[in-house]
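Taking it in order: structure first as structure tokens, then the write-up.
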Amino acid sequence: MDIKKTIGIIISILIASMMAYLIHQNIIEKKKSDAIQSRIINNSVQTLIQRNDIEALTILAKEKNEYALAYLQKKAKDEAEMRARTEEKARMENAKLNFEIANSMLERKQDPKTVREAKLYLSLSSDAGYLDATNMLCRMNLLGIAQEQKFYEAKNECERLVKTPNKNQAVAYDLLAMIYFNGLGVDSDLEKAKQMLSSYLKLTHDHKNSGAILMLQAQAKGGHKKAPTFLKELNIPLPNLYEIIETPQIYLYQDWAEKEALNNNPKAFHYLAVIAGLEMRYDESVEYAKNAIQNGLDIEEQRKLLNMFRTYARLGNQKSMNFSKELSSKLTK
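Just so you know, we're using my numbering here: the sequence shown kicks off at 250 and counts up by one.
The structure is reproduced here in structure tokens:
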């Protein structure tokens with residue numbers, strides 16, 4: 250058979266098939282349309298709504314039937330809200346999973362590479378609105394857990410925690426009071442610190458479990474000029490000062506220590522290490538302590554430093570952990 254004739258026959262068959270398909274589809278569409286119209290004719294709008302007959306109600310809505318239009322609009326809104334809730338639930342489940350992965354990583358190992366990877370998971374979780382992750386990042390950055398202290402980042406994370414009511418909100422106010430009073434990563438702002446601590450007390454009505462109050466009391470006992478006034482303005486009883494761990498009047502020697510540190514005076518470095526620790530600048534405190542020892546601080550004072558840094562190590566400060574191990578090894582040789 251001629252190739253051209255064969256091709257012509259094939260094309261004719263295809264055209265005929267297409268025409269038959271289109272005719273069949275038109276018949277189906279006509280039957281469907283007739284069926285919908287029949288349901289509209291034979292049923293009230295209320296019945297169509299009860300049956301959730303979307304096809305019939307869509308036609309009635311196009312005809313401006315107010316009941317059909319209202320029903321479809323409400324249905325669309327409900328479905329959109331349901332999708333949003335489903336997506337939010339999935340987002341939070343994923344955020345929780347990222348938090349749990351980070352937590353598991355840090356429980357197993359805390360080397361720099363693992364910490365960096367864990368913080369990526371925590372950041373993803375925090376950015377998705379999982380506030381337990383935000384709280385963990387805040388504490389890691391503020392205390393220097395498994396890393397260096399990063400005060401500015403800690404401040405930002407604490408500020409996220411205080412924006413909305415949540416189980417970490419009160420603690421975040423307490424931490425912000427410390428940050429602003431000591432000027433950690435920001436300029437010292439006593440008024441802002443007072444606002445933060447007032448918010449903490451308003452939420453908890455609890456003086457005894459406030460880290461900021463304990464810190465302020467220790468600083469006041471240590472001779473800090475502004476801490477006692479700050480406490481009095483918030484009606485926090487000063488007699489509590491005498492119930493805390495004995496602290497020398499270290500702040501009275503701060504100016505002297507800062508000047509003498511320029512002359513590599515070991516006692517000056519020792520004083521600055523203690524002051525930095527009282528102000529939560531634990532990483533900085535380690536550096537002062539190292540300078541004190543390198544410049545000949547006596548053994549008895551080194552033992553006092555060891556006890557101090559073990560306290561900071563128990564809070565989770567990585568540099569204090571490392572330094573206390575090194576110092577213990579040195580003192581026990």
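A virtual CB, placed ideally from N, CA and C, is assigned to each residue, including glycine.
DSSP three-state assignment for residue i, whether helix, strand or coil
i	result
residue 564	helix
residue 453	helix
residue 581	coil
residue 528	coil
residue 498	coil
residue 546	coil
residue 290	helix
residue 512	coil
residue 486	coil
residue 540	helix
residue 473	coil
residue 458	coil
residue 399	coil
Per DSSP, the bridge partner or partners of residue i
i	result
residue 394	566
Under 8 Å between C-beta atoms of residue i and residue j
i	j	result
residue 439	residue 483	no
residue 427	residue 393	no
residue 431	residue 529	yes
residue 476	residue 434	no
residue 351	residue 380	no
residue 375	residue 383	yes
residue 473	residue 429	no
residue 191	residue 521	Outside the displayed span of the chain (250 to 582) sits residue 191, for which this structure offers no information.
residue 297	residue 305	yes
residue 545	residue 534	no
residue 532	residue 397	yes
residue 450	residue 465	no
residue 329	residue 318	no
residue 577	residue 555	yes
residue 411	residue 425	yes
residue 485	residue 503	no
residue 366	residue 354	yes
residue 541	residue 518	yes
CA nearest to the CA of residue i, picked from the options
i	options	result
residue 321	308, 360 and 420	308
residue 575	564, 565, 559 and 563	559
residue 336	553, 540, 377 and 521	377
residue 462	423, 454 and 448	423
residue 395	345, 368 and 328	368
residue 453	437, 479, 419 and 443	419
residue 345	324, 400, 409 and 373	373
residue 470	498, 443 and 485	498
residue 543	278, 512 and 568	512
residue 316	267, 293 and 334	293
residue 442	539, 478, 416 and 417	478
residue 359	252, 401, 572 and 567	567
residue 400	549, 437 and 417	437
residue 565	508, 387 and 408	387
residue 361	295, 456, 389 and 300	389
residue 299	416, 408, 421 and 324	324
Closer than 7 Å: residue i CB and nearest the ligand NAD heavy atom
i	result
residue 375	No copy of the ligand NAD appears in this structure; indeed no ligand is present at all.
Entirely enclosed alpha helix (DSSP H) segments - the segment 292–380, minimum 4 residues
294–299, 303–311, 315–357 and 361–376
Can you check the segment 410–445 for any alpha helix (DSSP H) of at least 4 residues that lies completely inside it and give the ranges in chain order?
418–431
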